[in-house]
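Reading through the structure tokens given below for one structure.
Now the structure itself:
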């Protein structure tokens, strides 16, 4: 039964990516860890593959509509790709199994990953709640603040490498504010960036993790079905309203993970 629920949630993960260009990826790790009982470190690797492949399918749909800005994608993606690959290749393996101990409290590697993930989830929640209340369509000409775009690319890449989240909730505001992209073009460009850095990050795990390919491909297939549905319905539903509602859901999820890891 839990497997069926997990696959159903996979559809919602893709659906959210198709609708708003982010958010769905941040559900992947909690679903894999708490619902399907997969080790957190392996779950972040699976998340990179699921998010990367699903986002790539979604990006192709936006490319066909001319809603991807390739110049911005390259400027943002190059430092992000480098950061996520180095993080998965060197930083994550270097984290000790026992990160910190104080009296009876022991912060393990798995617990640290989930706590960091919960904080990322809370940041995503506040970002989506706020952006859901604002009109983010931009009528200004596209501009490029290269230093800030490169810096945010590095930050998002490190974050992706650590917790397996695509970072669309960070990428989209950066594209709107720093490059003045219209919202729909920011969504399409975000999906292309997420696809590239997530799949490259996953390459750093293939040699070190025992990948259950049949399960991973099945889960990814359901997520791809979700993103195709999301891309179709995105033309009929207000992304702002969806972001706001999804933000509140993430707020509850992040609070639950923090509570579970620290007090239960």
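Residue numbers (the working numbering): 1102 to 1365.
Yeah, the Cβ is synthetic: ideal placement off N, Cα and C, and Gly gets one too.
As the structure is a prediction and not an experimental result, all values here were calculated from the model.
Whole-angstrom distance between residue j and residue i, CA atom to CA atom
i	j	result
residue 1356	residue 1210	20 Å
residue 1299	residue 1205	37 Å
residue 1138	residue 1261	21 Å
residue 1208	residue 1360	14 Å
residue 1189	residue 1151	16 Å
residue 1121	residue 1103	27 Å
residue 1252	residue 1180	8 Å
residue 1195	residue 1306	13 Å
residue 1140	residue 1249	35 Å
For residue i, the first and last residue of its enclosing alpha helix (DSSP H)
i	result
residue 1259	1247 to 1264
residue 1282	Careful: residue 1282 lies outside any alpha helix (DSSP H) and carries neither H nor E.
residue 1048	Absent from the structure is residue 1048, since the part of the chain shown begins at 1102 and ends at 1365.
residue 1207	Segment 1206 to 1209 is the beta strand (DSSP E) holding residue 1207; no alpha helix (DSSP H) there.
residue 1182	1171 to 1187
Residue i: first and last residue of the uninterrupted beta strand (DSSP E) it sits in
i	result
residue 1202	1199 to 1203
residue 1121	Note, residue 1121: premise wrong, no beta strand (DSSP E); alpha helix (DSSP H) at 1103 to 1121.
Contacting residues, own chain, Cβ-Cβ under 6 Å from residue i (five flanking each side not counted)
i	result
residue 1192	none
residue 1162	1332
residue 1265	1130, 1145, 1148, 1149
residue 1197	none
Option in the options with minimal Cα separation from residue i
i	options	result
residue 1229	1313, 1304, 1132, 1127	1127
residue 1292	1156, 1216, 1187, 1330	1156
residue 1215	1276, 1289, 1134, 1186	1134
residue 1304	1154, 1119, 1114, 1103	1154
residue 1272	1365, 1186, 1109, 1173	1173
Residues of its chain near residue i, where Cβ-Cβ distance is below 7 Å and the 5 sequence neighbours each way are ignored
i	result
residue 1182	1258, 1297, 1298, 1301
residue 1310	1143, 1146
Own chain partners of residue i with C-beta closer than 8 Å, once the 5 adjacent residues on each side are dropped
i	result
residue 1247	1176
residue 1199	1207, 1208, 1209, 1210
residue 1178	1254, 1293, 1294, 1297, 1298
Expected contact under 8 Å - CB spacing of residue i and residue j to nearest Å
i	j	result
residue 1362	residue 1212	5 Å
residue 1136	residue 1115	Wrong, their Cβ atoms sit about 16 Å apart, outside the cutoff.
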